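First comes the structure, then the notes that go with it.
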Amino acid sequence: MSPKKMSHAWTLGVALVSTVLLTVVPASAQDVVEQFADESEVAGKWTRWWGGAEQTYEFDATVDADKKTGSGSLKATIGFDIAAHGGDNQFSLQHYLDTAVDGTKYTQLAFDIRFDPTSPTRPRSGDFGYLEFGLIPGDYSQLYLGNVTVSATAAGWIHVSAPIDRAAPKLDKVIGITFKLWAGDGDPAGDNRLTGNTVFWIDNIRLVADTSTQPLPPPTLSVRKPVPGLQIFASKPGSQYQRQNIRTVDPSYGWVGSPAPVTYSFTIADYPDGSGKGFQTQLFLVPGTGIPAFETSPDYNEPDVIFVDLQNNADGSAYASFRHKIEQPNGNSMIYGDGTLGGIGNPTALGTWSLTMKDTSATLTAPSGSSTNFTLPAGTVARFAGPLYAYFGVQPNSPANIGRSATFSRIQITGAGTPIDDRFTSGPLDPVTWQVVAEDAPGILPVPADTAYALTWTLPDTGYNLEAGTGLAPGLFIDVTAQSGPIQIGTRKVALVPGANLPAANGGFFRLRQP
Numbered sequence: 041m042s043p044k045k046m047s048h049a050w051t052l053g054v055a056l057v058s059t060v061l062l063t064v065v066p067a068s069a070q071d072v073v074e075q076f077a078d079e080s081e082v083a084g085k086w087t088r089w090w091g092g093a094e095q096t097y098e099f100d101a102t103v104d105a106d107k108k109t110g111s112g113s114l115k116a117t118i119g120f121d122i123a124a125h126g127g128d129n130q131f132s133l134q135h136y137l138d139t140a141v142d143g144t145k146y147t148q149l150a151f152d153i154r155f156d157p158t159s160p161t162r163p164r165s166g167d168f169g170y171l172e173f174g175l176i177p178g179d180y181s182q183l184y185l186g187n188v189t190v191s192a193t194a195a196g197w198i199h200v201s202a203p204i205d206r207a208a209p210k211l212d213k214v215i216g217i218t219f220k221l222w223a224g225d226g227d228p229a230g231d232n233r234l235t236g237n238t239v240f241w242i243d244n245i246r247l248v249a250d251t252s253t254q255p256l257p258p259p260t261l262s263v264r265k266p267v268p269g270l271q272i273f274a275s276k277p278g279s280q281y282q283r284q285n286i287r288t289v290d291p292s293y294g295w296v297g298s299p300a301p302v303t304y305s306f307t308i309a310d311y312p313d314g315s316g317k318g319f320q321t322q323l324f325l326v327p328g329t330g331i332p333a334f335e336t337s338p339d340y341n342e343p344d345v346i347f348v349d350l351q352n353n354a355d356g357s358a359y360a361s362f363r364h365k366i367e368q369p370n371g372n373s374m375i376y377g378d379g380t381l382g383g384i385g386n387p388t389a390l391g392t393w394s395l396t397m398k399d400t401s402a403t404l405t406a407p408s409g410s411s412t413n414f415t416l417p418a419g420t421v422a423r424f425a426g427p428l429y430a431y432f433g434v435q436p437n438s439p440a441n442i443g444r445s446a447t448f449s450r451i452q453i454t455g456a457g458t459p460i461d462d463r464f465t466s467g468p469l470d471p472v473t474w475q476v477v478a479e480d481a482p483g484i485l486p487v488p489a490d491t492a493y494a495l496t497w498t499l500p501d502t503g504y505n506l507e508a509g510t511g512l513a514p515g516l517f518i519d520v521t522a523q524s525g526p527i528q529i530g531t532r533k534v535a536l537v538p539g540a541n542l543p544a545a546n547g548g549f550f551r552l553r554q555p
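Take a look at the structure:
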C-alpha cells in the first residue's frame, strides 16, 4: 500500500497483512444446551446474582416446553415489591457453565420462556416487564444480548433467539448465562414498576455453535491524529442511556455558604458532528458523601441533583439546559419537567461552558460569552448544603451514538474546595482528584499531549499483532509499544502511539499481522 500523506512531515503507511486465515470454529465447538431433564440440572446451578426482590429457582417436572415425559424446566418465582425495595426492585439470575467457552465460536443464545398469566404487569405497557438476557464473561461482568417483553395477552411458550456479535467486548471467555429484570422505577408515572409474585419458566437454553467453514474477515485498521485531552467514549455496546463520568474524589465542591461564587467549567475540544444529534455532555452536582462509585446514574438514583445537559443539534450547533430535581430518588420526571429552568445555545459544542453558583443564583455561560441566569427556590438550595460531588461525562441518548466520544481539554472548579484546573496532558487521571464512575471504565481514555497517532481496528482480532516498521520489506517491522492500549472500546480496539515510539522520524508503516 502506498504511503499516505499526512498534514505534517511524518509519512504514514497502513498495511494489513494476514499470512494465515482465521478459522471461525474448530471441530470441537459444539452447542451448549440446558434442557432441564431433572433436578440435578437446577439445584445449586441456577442462583440469585443480585437484586432486592425475593428470588426462588427450582426444577419443575410438570412444565416442559416440548411436553416431553420425564423432562421439565427451570421455574423462577420473583417477589417484586416497589414500596419495600425501591430502586433495587429487581432480580438477576446467574448460571455458570461447566467449562468456559470462546463466545466468538457461537452465533446465538436461544431459549424458551413462559410467564404465569397471574404475574403482575407494568401499568402502561401491559407486559410482564423488560427481561434482559446475556452472557457472563470471565471477569464476571455482564454482556447483554437483548431483551424481551411478553404481553399479558400472550399465552404459552415463546421462543427467543438473540444473535451474538463476535465483535462484542470480553467474548473470548464466556463462563455463564444471566437473566435480569429491573422494576425499580421511583417515578409514580413511570412504566418500570412491579409489585407481586412474578412466575416464569425457562427451557431449552442453547448457545448455538457456528458450523460455518467460512473464515471471518480480517480486522481493518485506521489511523488518525488525536486531539489531546480526556476522551470519553459512550463505549458500552447496546446501552443507549449509559453514563460515562469522572467525578471529584473529594466531595467538598458545594457552593452553598461559600463567600465567593463557585464556578464549574469544562472545555470541549472535540465533539461528534451533526450526524450525532443528541449526543450529551453533562455536569452533575450531587450532594452527599460516600455515594458508591458503582452508581453511574446519580441523576436518576440520588434524590437531589443539579444537571447541565449539553447536546448537539443536526446543524452542528449545541444547546445547554439547566435542570435540577429535589427529593426524588430513583426517578427523573422533575428533571425533564418543572426542574428545567432554561438554557442557552451556541453555534458549536466546542469551547468552554461554565456554570456559576452563588446562593440562589445560577449563571450558565456559553463559549461565545453569552450567558443566562436562573433563580433557585430557597428550599431547593438548602438541599445542596454541605458536601457535594461534581461529575463530568457523556451519554449517547441513541443507539447510533454508541461508540462516539467527546474530548475534554480542560476542567476547572474555582471558589470551593481545592481549586481544580486539569488539562489532562500528562497521561492517566490524577487519582487524588478524579474517580471514574462509568458503565464501561475503558471508555475513559486520557490522550496525552505527546500522542502521535491513535490506531483503531475492528474486531475480532484473535491472533493479530500490531506492528510498525520503516518499510514494507521483511524484517523491518516490530511490535508496537503503545502508551495506552491496545484496549477495547465498544466493538473496536484503540492504541495510542507516542511520538517517541514511531519507527522513524519521517516515515513508516503500521500493520496488523497474524503470524
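Counting along the sequence shown from 1, when you hit position 71 you're at 111 in our numbering, and nothing is skipped either side.
Built from N, CA and C at the ideal position, the CB exists for glycine as well.
Bear in mind the structure is a predicted one, so any value in this text is a computation, not a measurement.
Exposure label - residue i; buried when at least 16 CB within 10 Å
{"i": "His-199", "result": "exposed"}
{"i": "Val-82", "result": "buried"}
{"i": "Asn-232", "result": "buried"}
{"i": "Ser-113", "result": "buried"}
{"i": "Val-73", "result": "exposed"}
{"i": "Trp-197", "result": "buried"}
{"i": "Ser-191", "result": "exposed"}
{"i": "Gly-91", "result": "buried"}
{"i": "Arg-164", "result": "exposed"}
{"i": "Thr-260", "result": "exposed"}
{"i": "Ala-389", "result": "buried"}
Those residues which DSSP pairs with residue i across a bridge
{"i": "Ser-292", "result": "Leu-428"}
{"i": "Ala-508", "result": "Ile-518, Phe-550"}
{"i": "Lys-145", "result": "Bridge partners of Lys-145: none, in fact."}
{"i": "Arg-88", "result": "Leu-133"}
{"i": "Pro-203", "result": "Gln-148"}
{"i": "Lys-115", "result": "Glu-98, Trp-241"}
{"i": "Gln-351", "result": "Gln-320, Tyr-359"}
{"i": "Arg-287", "result": "Tyr-431, Gln-475"}
{"i": "Met-397", "result": "Val-302, Ala-402"}
{"i": "Glu-81", "result": "Partner(s): none; Glu-81 has no beta bridge."}
{"i": "Phe-448", "result": "Leu-270, Ile-308"}
C-alpha gap between residue i and residue j, whole angstroms
{"i": "Asp-167", "j": "Thr-189", "result": "6 Å"}
{"i": "Ala-535", "j": "Asp-519", "result": "12 Å"}
{"i": "Phe-549", "j": "Leu-485", "result": "24 Å"}
{"i": "Asp-156", "j": "Tyr-340", "result": "31 Å"}
{"i": "Thr-158", "j": "Val-296", "result": "51 Å"}
{"i": "Leu-62", "j": "Glu-98", "result": "Unreliable positioning characterises Leu-62 in this predicted model, as indicated by a pLDDT of 29, which lies under 50. The coordinate reading is nonetheless provided below. Distance between the alpha carbons of Leu-62 and Glu-98: 42 Å."}
{"i": "Gly-236", "j": "Pro-160", "result": "6 Å"}
{"i": "Tyr-304", "j": "Ala-223", "result": "35 Å"}
{"i": "Phe-556", "j": "Ala-195", "result": "Shown here, the chain extends from 41 to 555; a query on residue 556 therefore has no answer."}
{"i": "Pro-258", "j": "Gly-314", "result": "31 Å"}
{"i": "Tyr-281", "j": "Ser-111", "result": "41 Å"}
{"i": "Pro-439", "j": "Thr-109", "result": "44 Å"}
{"i": "Thr-144", "j": "Pro-555", "result": "20 Å"}
{"i": "Leu-256", "j": "Phe-424", "result": "54 Å"}
{"i": "Ser-279", "j": "Pro-514", "result": "43 Å"}
{"i": "Ile-460", "j": "Ile-529", "result": "28 Å"}
{"i": "Phe-120", "j": "Asp-142", "result": "35 Å"}
{"i": "Gln-75", "j": "Val-103", "result": "12 Å"}
{"i": "Thr-321", "j": "Ile-451", "result": "13 Å"}
{"i": "Thr-87", "j": "Ala-116", "result": "10 Å"}
Where the alpha helix (DSSP H) through residue i begins and ends
{"i": "Ile-122", "result": "122-125"}
{"i": "Val-190", "result": "Unbroken run through Val-190: none, as it is neither H nor E."}
{"i": "Gly-297", "result": "From DSSP, Gly-297 is part of no alpha helix (DSSP H); its letter is neither H nor E."}
{"i": "Tyr-340", "result": "338-341"}
{"i": "Ala-422", "result": "418-422"}
Nearest-angstrom Cβ-Cβ length linking residue i and residue j, presumed shorter than 8 Å
{"i": "Asn-285", "j": "Gly-433", "result": "3 Å"}
{"i": "Thr-329", "j": "Pro-427", "result": "5 Å"}
{"i": "Phe-219", "j": "Leu-133", "result": "4 Å"}
{"i": "Phe-347", "j": "Phe-414", "result": "With 8 Å as the limit, Phe-347 and Phe-414 do not qualify as a contact, their Cβ atoms being about 12 Å apart."}
{"i": "Ile-366", "j": "Leu-234", "result": "With a Cβ gap of about 26 Å, Ile-366 and Leu-234 do not count as contacting."}
{"i": "Gln-351", "j": "Phe-324", "result": "Actually they are not in contact, since the Cβ atoms of Gln-351 and Phe-324 sit about 15 Å apart, beyond 8 Å."}
{"i": "Thr-412", "j": "Gly-371", "result": "That pair is no contact at about 27 Å."}
{"i": "Trp-393", "j": "Ala-406", "result": "6 Å"}
Run of the beta strand (DSSP E) containing residue i, from where it starts to where it stops
{"i": "Ala-333", "result": "No beta strand (DSSP E) contains Ala-333, which DSSP labels as neither H nor E."}
{"i": "Asn-244", "result": "236-249"}
{"i": "Val-537", "result": "532-538"}
{"i": "Ile-176", "result": "171-177"}
{"i": "Ile-366", "result": "Premise fails: Ile-366 is in no beta strand (DSSP E) and is neither H nor E."}
{"i": "Leu-220", "result": "With the sequence shown as reference, residue 220 is identified as Lys, and Leu is not the correct amino acid for it. Residues 214-222."}
{"i": "Ile-384", "result": "380-386"}
{"i": "Pro-486", "result": "484-487"}
{"i": "Asp-461", "result": "460-462"}
{"i": "Thr-253", "result": "Segment: none, Thr-253 is in no beta strand (DSSP E) and carries neither H nor E."}
Residue i beta carbon near the ligand ZN (any heavy atom closer than 7 Å)
{"i": "Asp-156", "result": "The ligand ZN is absent from the structure shown, which contains no ligand whatsoever."}
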